[in-house]
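Before any comments, here is the structure.
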Amino acid sequence: MLTENELIKFRRELHSYPETGWCEFVTTHKIVEKLRSFGLDPIYGRQVINPEFVAGRNPAKVEEAKKAALEKGVPPEFIESMQDYTGVAAIFETGRPGPVLAIRFDMDCVDVDEAHEAGHRPFDEGWASTNPGHMHSCGHDGHATMGIAVCNWIQENLDQFCGTIKVVFQPAEEGVRGARPMTETGIFDDVDFFFGNHLGFNLPTGTISPEPGVFLASTKLDATFTGLAAHSGADPQKGKNALLAGAAAALAIHGITRPIGEVTALNVGTLVAGQGRNVVAPNAFMQLEVRGETEELNAYMRDQAIRKIKASADMYDCQVDIVKAGEATEFKPDQEAIELAYIAARNVTTEELARPLGLKLGSEDCTIMLRRVQQHGGKGTFVVFGCRTSAGHHQRLFDFDEEVIGIALRFYQNLIPMIVGIK
20 MLTENELIKF RRELHSYPET GWCEFVTTHK IVEKLRSFGL DPIYGRQVIN PEFVAGRNPA
80 KVEEAKKAAL EKGVPPEFIE SMQDYTGVAA IFETGRPGPV LAIRFDMDCV DVDEAHEAGH
140 RPFDEGWAST NPGHMHSCGH DGHATMGIAV CNWIQENLDQ FCGTIKVVFQ PAEEGVRGAR
200 PMTETGIFDD VDFFFGNHLG FNLPTGTISP EPGVFLASTK LDATFTGLAA HSGADPQKGK
260 NALLAGAAAA LAIHGITRPI GEVTALNVGT LVAGQGRNVV APNAFMQLEV RGETEELNAY
320 MRDQAIRKIK ASADMYDCQV DIVKAGEATE FKPDQEAIEL AYIAARNVTT EELARPLGLK
380 LGSEDCTIML RRVQQHGGKG TFVVFGCRTS AGHHQRLFDF DEEVIGIALR FYQNLIPMIV
440 GIK
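Heads up: the sequence shown is residues 20 to 442, going by my numbering.
Put into structure tokens, the structure is as follows:
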């Protein structure tokens, strides 16, 4: 078994070279090599991704990430074997009849510049991000390390289990992009029990909750407006102003009527337009998101946003192309999975720390995996492993109490035998 120090070392290796969604080539290689060192034969890259369902992927950035991975020492034959996609799954076939259990961990980073200043532990100790503009400021380096620890333990105790165990390392959770293309490979279609997880939230270290709170259904959209350039002084009437179309859309979206008493959210996060002060802007690019507590509310917000975008483009005689860049559904956990998780949690932590949290957690595309499992008759939930953090998630000073890695391992050491242990 890997020691606690070895796990922490692996976490810090991941932390020092974070990679954004769909660009996790170094991360995928590190995870695959570690799993192979346990005697496993993981599947990865296009084996765990259905490209038809990929969203929010920038091919130019992917190519840059592949080149950077080669410079970091990832073998060319490994990059080629990935077939342009990231992600990993370790599948443990016991050869004995029994349930199918899946556990999901994510692995991508946030597009944030990590603090390189005294007082920030990763910087002080020499393992802060070396990839400018990228940082593990949401704890996914910790999640991937938890997954490695769980795989190591399963492999060493496989003779005690029946059925099948699938441990999945998902790319591109940020922006809720990676779950759908993994799910559409069919990897979760035979799963009886499913668990996702997340660390942090500046809760007391040792907090374990399979009832964390509310995840909102969400849709991420990219809208590209195309107009016509013209001289703004000599021939403005010949232009079609995409900037104004985008600006009108942004204002209209934020004026959408919300259902009274229901939880919804929306945001136009970016709007980039134009070529110069004396040119009628021929293009504009907008990134936005909508959310709803239910799938129906999210669909209402999405449809209203799309209607506003199209109307604004028409108003300025522009064309618009709208692309879905990510998605998540609502969170509906199953009571049987929750109860099993509480039993495991109370074997690891105190009664006071194994409890519902009632958090408002934004959105999480793990819900898409859970929904597919439920559609095929399976059950599951999402577990929060609370721990103290040095700053909020997605902030440049974020770090977390590494004790949580061992706590998560002990939780799964209790949970897994309850589901696939030989009776």
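We put the CB at the ideal spot given by N, CA and C, even for glycine.
**Report entry** Residue from N302, Q102, N433 and V309 whose Cα sits closest to the Cα of G194
**Finding:** G194 has its Cα closest to that of V309, out of N302, Q102, N433 and V309.
Query raised in the report: Can you tell me the Cα-Cα spacing of L218 and P61, whole angstroms?
Result: 24 Å
Query raised in the report: Under three-state DSSP, which class holds T348?
Result: coil
Query raised in the report: Across which residues does DSSP place A303 in a beta bridge pair?
Result: F244 and A292
Query - Euclidean distance between Cα positions of E349 and V291 - result: 31 Å
Query raised in the report: Helix, strand or coil for Y319 per DSSP?
Result: DSSP places Y319 in helix when its eight states are reduced to three.
Query - Cβ-based neighbour list, P255, same chain, cut-off 7 Å, excluding 5 preceding and 5 following - result: A249 and V299
Requested in this report: Less than 8 Å between the CB atoms is what I'm expecting for V67 and I184, so what's the real figure, rounded?
Outcome: Cβ atoms of V67 and I184 stay farther apart than 8 Å, at about 15 Å.
Query raised in the report: Rounded to whole angstroms, how far is the Cβ of A168 from the Cβ of L270, which I believe are closer than 8 Å?
Result: Wrong, their Cβ atoms sit about 49 Å apart, outside the cutoff.
Report task. Measure the C-alpha to C-alpha separation of G40 and Q189 and round it to an integer number of angstroms. Result -> 9 Å
Query raised in the report: What's the gap between the Cα of L263 and the Cα of I325?
Result: 17 Å
Report task. Thinking M165 and F124 are a contact (beta carbons under 8 Å), I'd like their distance in whole angstroms, please. Result -> 6 Å
Query - Sequence ranges, alpha helix (DSSP H) only - wholly within the region 179-224, length at least 4 - result: 198-202
Query raised in the report: Are F29 and K53 close, meaning C-beta to C-beta below 8 Å?
Result: Their beta carbons are under 8 Å apart, which means F29 touches K53 by this criterion.
Query - Distance CB(L378)-CB(F220) smaller than 8 Å - result: yes
Query raised in the report: Taking C-alpha atoms, which residue in K351, A84 and R65 lies nearest to E383?
Result: K351
Query raised in the report: Cα separation between E454 and Y104?
Result: With the chain represented from 20 up to 442, any question about residue 454 goes unanswered, as that position is not in the structure.
Report task. Assign V93 to one of three DSSP states: helix, strand, or coil. Result -> coil
Query raised in the report: Between the region 414-424 and the region 126-137, do at least 3 Cβ pairs fall closer than 8 Å?
Result: Judged by Cβ distances under 8 Å, the region 414-424 makes contact with the region 126-137, as three or more pairs qualify.
Query raised in the report: Okay, do the region 235-245 and the region 302-321 touch, 3+ Cβ pairs below 8 Å being the bar?
Result: At 8 Å Cβ cutoff, the stretches touch.
Query - Three-state class that DSSP yields for A364 in the structure shown - result: helix
Query raised in the report: Roughly how many angstroms lie between the CA atoms of F304 and N171, to the nearest whole one?
Result: Straight-line Cα distance between these residues: approximately 45 Å.
Requested in this report: Pick out whichever of R65, P301 and M201 has its Cα sitting closest to the Cα of V339.
Outcome: P301
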